[in-house]
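Before any comments, here is the structure.
Numbering (the numbering used here), first residue to last: 260 to 716.
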């Protein structure tokens with residue numbers, strides 16, 4: 260196969276890849292939207308008829324504008340759902356187009372393809388996470404930083420780095436940490452003082468954020484317990500088990516890429532960069548372990564694990580961009596094909612299909628408003644239950660009749676609640692007046708909550 264033929268194939272494959280990705284997003288829209296934070300954000304979008312932005316993570320604007328337009332136009336609920344699931348995917352494609360055609364960094368643009376096809380699996384169903392929606396923008400900002408650091412004087416480069424660092428603060432704090440690591444590794448890679456400046460700027464802004472502007476994140480920082488950091492404790496953690504399992508599945512290709520990159524660095528006698536790249540993965544894992552030593556849901560953990568590989572992936576793709584054009588094209592072809600296969604494995608997401616089926620079972624036992632007592636819920640299917648009232652409200656509304664099911668984890672005395680005009684929600688908005696619901700989409704009937712029994716483990 261000649262290089263020209265490969266180039267022609269590579270010119271088409273990205274768009275085929277994204278068309279297939281968009282189709283998956285629309286086909287699995289219920290599994291993506293009627294789940295946890297996804298459901299709550301969609302509920303708030305409809306309720307408030309404005310952007311659902313929390314903890315100053317304004318990146319959500321890029322993934323909420325399309326369904327918001329539909330809500331303002333009072334389009335059918337199913338159209339709103341399609342628009343939201345599509346919008347969550349659109350940001351990836353737009354960033355890919357900018358990297359590929361505007362900045363003309365074709366090999367670096369593969370970061371988006373690799374992210375969707377080979378790194379994300381469970382995270383496909385947890386797309387509203389600011390890490391997931393922010394990663395394509397993060398890759399774009401790094402591309403701009405590299406372009407300016409390599410070409411511009413230090414003062415101009417420092418100004419651009421400041422803007423980039425501050426911008427990333429409004430995506431997610433973990434990506435600010437990733438920026439610090441990226442800057443350090445890029446300095447070792449290029450040996451250019453602008454990256455040293457970028458490292459200190461990004462580190463300073465991160466420290467300012469941590470010290471003075473932590474806000475929501477401050478509540479998530481717990482005291483250090485050195486007993487957690489023994490090898491025995493780490494090895495027995497669900498987080499460690501999940502990382503090991505994912506390394507042999509969705510992360511196996513990125514590990515192979517990294518091993519090849521590591522060997523090249525050793526061959527080039529760039530031992531410091533090779534060691535630091537390995538240490539960065541190890542330190543990121545320990546940071547995740549400190550944050551959630553007992554693990555969490557698989558999509559949540561996977562999203563954080565992906566960040567471990569982001570600085571390495573950036574270095575690898577920058578290295579590939581230095582290859583001969585023929586080898587670049589072959590590499591791109593291989594990545595597109597493997598990433599397409601990675602997308603095809605999404606249909607195996609049994610845990611999310613089972614979860615949606617369980618929601619349907621609950622709704623079939625519900626006339627209008629129902630609740631489940633603690634211990635009666637199938638925890639291994641639902642995984643997270645705090646958003647159950649919103650998930651069931653959205654699912655039932657799509658099916659034609661609004662209903663809501665509440666999980667009584669806080670063990671409220673629901674039988675004693677006489678007010679029939681409220682819907683029970685999350686603990687920060689426990690009693691939601693039904694008359695305040697957006698009646699264009701939600702139509703609950705005033706009634707007393709009925710207990711669902713008989714759905715046991």
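From the three backbone atoms N, C-alpha and C, an ideal C-beta is built for every residue, glycine too.
- In this structure residue 600 is exposed. Its beta-carbon is surrounded by fewer than 16 other beta-carbon atoms within 10 angstroms.
- Taking C-alpha positions only, residue 448 is separated from residue 364 by approximately 18 Å.
- Here the alpha carbons of residue 434 and residue 550 stand approximately 15 Å from one another.
- Leaving aside the five residues that flank residue 542 on each side, none in its chain has a CB nearer than 7 Å to its CB.
- Taking the CA atoms as reference points, residue 661 sits about 7 Å from residue 627.
- For residue 683, the three-state secondary structure derived from DSSP is strand.
- DSSP places residue 712 outside both helix and strand once states are collapsed to three, so it counts as coil.
- If you ignore the 5 residues before and after residue 287, its C-beta comes within less than 6 Å of no other C-beta in its own chain.
- At the C-beta level, residue 298 and residue 666 stay beyond 8 Å of one another.
- Distance check between residue 685 and each of 405, 579, 696 and 647 places 647 closest, using alpha-carbon atoms only.
- By the Cβ criterion, the stretch 370-383 is in contact with the stretch 562-580, since at least three pairs of Cβ atoms, one from each stretch, lie closer than 8 Å.
- Under the three-state reduction of DSSP, residue 663 is assigned to strand.
- With fewer than 16 other CB atoms across the displayed protein chains lying within 10 angstroms of its CB, residue 486 is exposed.
- About 6 Å separates the Cβ atoms of residue 315 and residue 429, confirming a contact at the 8 Å cut-off.
- One alpha carbon belongs to residue 440, the other to residue 457, and they sit about 10 Å apart.
- By a beta-carbon distance limit of 8 Å, residue 664 contacts residue 631. Their separation comes to about 7 Å.
- Within the stretch 451-508, the runs of alpha helix (DSSP H) at least 4 residues long that lie entirely inside it are, in chain order, 452-471, 490-494 and 497-506.
- Taken through DSSP and simplified to helix, strand or coil, residue 690 comes out as strand.
- In the DSSP assignment, residue 435 is bridged to no other residue.
- For the set 698, 701, 678 and 699, the Cα lying nearest the Cα of residue 690 is the one of 678.
- The stretch 344-351 makes contact with the stretch 385-398: 3 or more CB pairs, one atom from each, lie closer than 8 Å.
- Listed in chain order, the non-local C-beta contacts of residue 700 below 7 Å within the same chain comprise 305, 336 and 656, local neighbours out to five positions each way being set aside.
- Closest option to residue 405, judged by alpha-carbon separation, among 641, 580 and 498: 580.
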